[in-house]
Amino acid sequence: MNTYGIPGEPEDMFMVFDACIKVGKLERAALVLKRLSALGTISDEERIILNNKYLRASLSQMRTNPDRSQAEQLHKWYELQIRSKNLPHTAETIACMLKASLLSERGARLDRLVKRYMGMAPDEAGLRVLSMDEILSDQDLAVITEICPTYNFAADEGGLEDMALMPENSPEAEASPALAAELSQSTGSAAVPELIPTPQRGEGLNTLKKGLGLLLGLQDVDISKLPHSDRMDIQLQLERDSISSAIEKWRLDNKTLQKRGVSTALAPSTKEGSMSQNMASWMSVMETRIHQELRLIEQSEAKKSKSDWDLTRCIYGPFIQQGDPARLAAVTILSVINIGTVLGVEKGIPISRLITHIAKAVQEDTEMYQKELAERKARRQRKLRFVGEKSKEKAEASEEAKTPLLDAAEHERTLEENSKNPWSLQIKAQVGSILLQMLIESAKINVVAEGSTSKELISQYQPAFSHQTLLRKGKKVGALFFNNHLIEQLKREPVGDFIAKHLPMVVEPKPWSSFTEGGFLDSKTSFVRVKPGDVEQKLYSTAAIKRGDMEQVFKGLDVLGKTAWVINKDTLNVMMEAWNSGEEIANIPPLHPHFDVPPEPDSSADPLVRKTWIRAVKAIENERSGLHSQRCFMNLQLEIARAFRNQTIYFPHNVDYRGRAYPMPTYLNHMGADHARAILKFAKGKELGTRGLRWLKIHLANVYGLDKASFDEREAFANDNIANIIDSATNPLKGSRWWLKGEDPWQCLSACFELKAALELPDPTKFISNLPVHQDGTCNGLQHYAALGGDTWGAKQVNLEPGERPADVYSAVANLVKEAIAKDLEAKNPFAQALDGKITRKVVKQTVMTNVYGVTFSGAKKQICKQIDALYPNLGKECGIPNLLLSTYIAKQVFQALATMFRGAHDIQYWLGEIGGRVCRALTPAQLQQIVDSYGEGEGSISRSGKSKAKSSSGKKVEFDDLVQQFRSSVVWTTPLKMPVVQPYRKTTAREIKTCLQAVIYPLSDQTDPVNRRKQLQGFPPNFIHSLDASHMLLSALECDARGLDFAAVHDSFWTHAGDLDVMNEVLREAFIRIHEEDVVGRLGAEFEARHQGSIYLAKIDPDTPVAKKIKELRKKSNLSPKEELLLEHKRNQLKLSGNPWDLEAAQQIVTPASIYEDMMAAEVDMDIQEDAKDIGLGAISEDEANNVADEDMEAQSEASSEVMELTKRLMDDMKTSFFEAQVAKPKAPARKQKKMPLPVWLPLTIPKVPEKGDFDVKRLRESKYFFS
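Residue 966 in this note's numbering sits at position 940 of the sequence shown, and the numbers go up by one each step.
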C-alpha cells in the first residue's frame, strides 16, 4: 500500500479501480489505472477497456457539471494515456471522445475533432461507433451526421418498449403516462388476478410482494400455470428483491410503532418488540452510522497526509460507497441472523468466518443493485443505416488512424469475469469488519423481566450482540455472541420471510453454458464449487468448456435441474402439527429438552471426580446447544416449505471439483435429512401399474429399515402391515404411531400416505403416484473398486455378482469383527469380554462406508463411539473401560477385516497413491526449462568432463531445498465424462489482516504454492472413486431423461417414479457397465503418462542397496550439485524423448544416477512415497494416525484400570504395525535400529505397472437384481 491508499496486489487494484469508477472517484481511479499500466501485467486490449471505463465515468461527470477544463483534461488523458501509448481503439473509445468534443467544443474546432475521430472508424466501423447509444444521444447523432453526411439514422419504433425499464418516478416515465398505461396492458401481468393476502401478524404481506412474502401472497395461485414471462418475473423477484422487501417491511414496522407512540431505539417499553421490529430498529440506527462512515471516507480521501486508518478507509471505502446504506444495513443484519440460525449461536460465531460471510453477501447484493441501476438507465435503441457515400473526412484522416477498430468483446468478457471474482481477503476482512462493528454498536433489544423484590416488570435496552475473545485450543479466537433473550426470540419467531437467496426456483433453471452461466436466472453462481484461491480448477474447467468437453456434464446437470417438485402437503401438515406440539417426534427436537444434570461434587472431592462431572455437564450443554441449532434450522426449512406448498419448484445443480452434483438451494432440497426428503415429491404423477405397486411396497419396507431382505420379503412386510400403514396415514400422531419405529420415519410416513391412497382405489395399479422411489447402491465406492480390480469375492459382497438374496458388506465386516472378538475372548481380553455380543451391523456401517473414501482412523473411532454411546450408553461404567477406548479396539478390527476382504481394491489404492506421490514430487518440462534458462544466465555450467566447481555440503542442501519448494504439480485427471479434476491441496501460509474489530488470520494458498504432498497422495484414491460414481450418476440421468423418466439423485441413491423403476434399474446397470467395460485404470495410467511426459520426479531409495552404492560412487566422481544433476538428467531425458536415433545414441553416453538406476533394472521402492502411502489402502493405519489416537485416548485411560491401560498400550503399539506387517512380524530385537536416511535420486516420471485385474466380468451385473435396491 502507498500513500495514496492504492493496494499493492493487481487483483486488489482491479477491484478498487472498478469500485472507484462506480462511485465517481476518478482521481483515485486514474492513479490505480496508471499503476496497473506501469506494472505491465495486463495486455493492451485489456488496458483500452479499462481506459474506456475511465472515459465513460469522466463523461458522466461532465454531463452533470459541464466544464471546459474538464473536457481539456479528458482530451489530454486520451493523447497521453491512449494515443501516445499506441493502444488499440474500440468503438466505445471513439464514441467517448466524440461525446467529449460535443459537450465542450463549438464551430470549426468541433468540426475538425468530429471528422478526426470519425475518420478513425471508416465504413462499417463507423456504424459501430454511432451504435453506442448509451454514449451518443439522438441530438449528438444529428450533429455528427451533419458534419459527416456519410451516415444517417432512424429511430427504432420498437425501441420505445425499453421505456418499461424506467422506474415509475423517472423523468422519461413521467413524460409519457399514456405510454406507460399502454405498456402495463401489454405485459400480460394484468391477467394475474389481484390476491387477498393471507392474514399475518403485523403488516407483513401488505408490503412483502417479494421474497417469501411474494410466494405467501400467491399461495392460492399455481405459478406454473401463469404465462412464461410472468413466471420469469416472479423468479427474478425471488432472486433479487429479498433485501428491498426486508427494508420495506422494517420501515413500515417503525412507522407503525411511532404512530402508537412507541420508540424503537430510545426509551424502553414494558413490552418486548417482535423480531421484525427489533431488526427494523437496528436497520434505522445502522443506516445512520453508515452515512456517518461515508462522510469519514470522503474526509480520509481528501487528506493529503493520511494516517494508517485513513489509508485503510481508502481501500474499503469505494466498496462501501457502491452500496445503498439501507441495503448494506439490511444485508448485514440478515447475514448475521442467518449464519447464526444455521451454525448455532451458543458457542459464539468465529469473527473471521462471520465477516467473510457478510462481505460475500454484500458483494452479491451490491453487484445486483448496480445491475438494477444500470438497467434503469437503459435508453432507447436505434437502427442505423449506412448511406454508402464516400466523403472527404476519410481522406483527411491520418494514416495511423485507419487501423481497424478492435473487437473488444472477448477481452471485455474476460475483464468482466475478473470483476465478478470474489473480493480479496483484504477487502472482505475490512468491509465485513466495519459493517459488523456498526451492527454491534447499533443493535439493542428491549429486555423485560420481573424485579427480584418488587415483582414489577422492569425493562432495559441491552446489546443484541457482543464481541468476545475466547481461548480455543491454546489460541485466542474472536467470536460474536447473541444476547440470550435474542436467542429465545429466534426460537419463537422465524425470519424465513427474508431469506430469499438460493431458494428453490419456480421456473426451470437456466441451462449451463459457461463457468458462470447456468442455474439461477440472475444470482451469481459457479458451475464448479471452488474455494477462494483455488484458481487451477477454474482454469482447467474453463479450458474444457471452450473445447466442448463439458457438454455431457452440462446436460446432466440440466436434467437434474429440470426435475419438477412439489411439497408433500400431507406430510408437511403432520410435521407442522408435531412441531407446534413442542414434543420430540422423529428427528424434531423438543422445544424444551430436559436433561438430568448431575449434582456438583463437594469442593473437597477427588479432582478426578470433579473432572468427570465437568465433562458430563459440558456434554449436556453441547447436546442442548446442538438440539437448539437443529430446531432453528428445521424452523427455517419448514417456513420455506410452507411458503412453497402450492408451487411447482426446481433445484438447480452444480458440481464440486470431483464432479459430484449438489442442489444449489441451500436450506431445503432433496439431499437434506429425513424430514426434508419426506416433504418433497415429484410434481408430475405417473400410473403405478402392477410392478409400480410392488416397488412402492418395497420402498416402504426400505425406508422402514428392512432394506437387506429379499424383494419378496420386503413386499410381504408391507402386505403384513397394511393395518399399521393405514393407521399411520389416517392418524399419524393420534394413532399407534407405527411409522415412528421406522429407520427413516418421515419418509416412511410419506410412503404410508401414498400406499393408503392407492389401496383406496378399486384398482390400486391405476393410482397416479408422485412419490419418489429410491434405489440405493451397496457401498457404491466398493462397487467401483471391485469392478476396477475384477475382484470376484469383493463383487459378491457388494451385489455386482448375481445372487438370490442381497449381499450385505456391512454384516460381513461385522461378522469378521465378531470372529476376532471371539478369538480374543479365549485369551480373556477385557475389551473382547466387554464387547462380546454387542457388535451389530449398525456399529460398523458408517466406518465401512467411509473407509473407501479415506476416513482416518481417528474419525472411524469417533464414528463407532457415537454408535456405542447410542446403543449402550452405560457400557463404559459397567465394564470399567471408557467407550472411546472400546471404539478404538473395534475400529482396529474393522480396518483389519476390510484389508482382508478387499485385496484387489487395496492394490489399486496403493497404485493410485504411488502415482500421486510421483506427481507431487515432480518438476514439469516448463519448470525445468526455467531452471535451464536461469542456470545459463550466470549461475554456472557443467564442464565437458561432467564436473563442476565444488560446492560445500551446506550450499548443496540450500540448493536442494530450493528445488523441493518448486514441487507445484497437483494431481489432475479426467473423468469418463471428460471433466478435469484438480485436487486443491496445497501448503498454506497464514496472513494476518488488522481490522477495526480485531486482527484476523486467514490461511492463504494459490497455484504458485508448493503442493501438500501428503494430502494430494492420500486424497487421490477416494477422490478418483468419487469422480467415477459422479460420472455414473450423470450418465444415468442423461439416459433416464432420454427415456422420458423423471430422475433425481443423492450421490449413490437414485430416485424415480415407482412405475418407472424397472427402466431406471436397467439404465443404472448399463451405465455402470459402460464405464467399467473399458480399461478405466489403464486409461488413467496413459493419461498421466501423456500429461507428465518429460517431467522428472525426486525418488528416495534405500541407501544400503547395490544401486544406491553405485550412485554414491558416481556422485563422488562428478561432484555435481543437485541442480546440475537435475539439469543433466533433464538433458538426457529430452534426448531420449526426441525419437531421433542420433539423440538416443547421445543419451546413452550420458551417465546419471537415473541411468544407473535403469541399467541395474532396480525395482527399488520409493521410501518417501511408501511412508505416505502406507495408510491409504483399505484397512491401513499409519503410525502418525496411531499416535494421534493414543493422544486422544490419554484422558480416557486415566479413568480405566491399570490392566486396561496396559492392554491399551499394547493396542496402540499393534496399530503402529500394519495388518500385513503383523502377519510376518518377527520378535523385536532388543535394540532399536537407527532410522535410515533415504538417498534422493532424480528420475524420469514414469507410471508404475497397472495392478493385475481379476476375472470378474462386469457384464454379469446385468443379472444382479440387487445391484441397486
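Glycine is no exception: its CB is placed at the ideal position from the N, C-alpha and C atoms. This one's a predicted model, so the numbers in the text were calculated from it and none came from an experiment.
Could you check whether residue j and residue i sit closer than 8 Å to each other, using their CB atoms as the reference points?
i, j, result
"V1093", "S1062", "yes"
"F546", "E319", "no"
"L861", "L912", "yes"
"I74", "K125", "no"
"N447", "F553", "no"
"I1273", "I934", "no"
"S776", "T597", "yes"
"I1127", "V1267", "yes"
"L722", "L714", "yes"
"I675", "W772", "no"
"R686", "H1052", "yes"
"K1004", "M576", "yes"
"I513", "Q488", "no"
On the CB-based measure, 16 or more other CB atoms within 10 Å of its CB, does residue i come out buried or exposed?
i, result
"E7", "Examination of residue 7 is not possible in this model, given that the chain is present from 27 through 1295 alone."
"Q165", "exposed"
"I993", "The identity of residue 993 in the sequence shown is Phe, whereas the question assumes Ile. By the 10 Å Cβ count, F993 comes out buried."
"P203", "Confidence is the limiting factor: at P203 the pLDDT is only 36, short of 50, which leaves the residue's position unreliable, though a coordinate-based value still follows. Counting Cβ neighbours within 10 Å, P203 comes out exposed, since fewer than 16 surround it."
"S289", "Note that S289 scores 44 on pLDDT, short of 50, meaning its location in the model is unreliable and no value can be drawn from it."
"S1224", "Any reading at S1224 must be qualified, since the residue scores a pLDDT of 47, below 50, and its modelled position is unreliable; the value itself is stated next. Exposed: under 16 other Cβ atoms inside 10 Å."
"P225", "With a pLDDT of 33 at P225, under the threshold of 50, the modelled position of that residue is not reliable, and no figure is offered here."
"V388", "buried"
"P648", "First, the amino acid is wrong: residue 648 is Asn here, not Pro. Per the 10 Å Cβ criterion, exposed."
"E1139", "exposed"
"K330", "exposed"
"L461", "buried"
"H932", "buried"
"A667", "buried"
"H618", "exposed"
"T1296", "Here the chain comprises residues numbered 27 to 1295, so residue 1296 is not present and cannot be evaluated."
Among residues of its own chain, excluding the 5 on either side of residue i, which ones have a beta-carbon nearer than 8 Å to its beta-carbon?
i, result
"K572", "none"
"T756", "K782"
"P691", "H528, L529, P530, M531, F677, P678"
"L52", "C46, Y80, A83, S84, Q87"
"L262", "L547, D548"
What residues are listed by DSSP as bridge partners for residue i?
i, result
"F507", "S492"
"H115", "None, per the DSSP bridge assignment."
"A931", "BP columns for A931 are empty, so no partner."
"P1006", "T1000"
"R1017", "Y1028"
"A1074", "W1081"
"R1012", "V1037"
Thinking residue i and residue j are a contact (beta carbons under 8 Å), I'd like their distance in whole angstroms, please.
i, j, result
"A858", "A886", "19 Å between Cβ atoms; not a contact."
"E7", "P114", "What is shown of the chain runs 27 to 1295, which leaves residue 7 out entirely."
What residues in its chain sit with their C-beta under 7 Å from that of residue i, if we drop five residues either side in the sequence?
i, result
"A475", "I484"
"L759", "V600, E603, A604"
"T1021", "A455, Q456, S459"
"A1173", "R1158, L1161, K1162"
"C1066", "F1073, T1082, M1090, V1093"
"I269", "R353, A356, V357, D391"
"D584", "P537, W538"
Who are the Cβ neighbours of residue i in its own chain at under 6 Å, not counting the five residues just before and after it?
i, result
"L842", "A923"
"K1013", "D1035, P1036, N1038"
"D770", "D700, V729"
"W308", "I359, S468, A469"
"F580", "W538"
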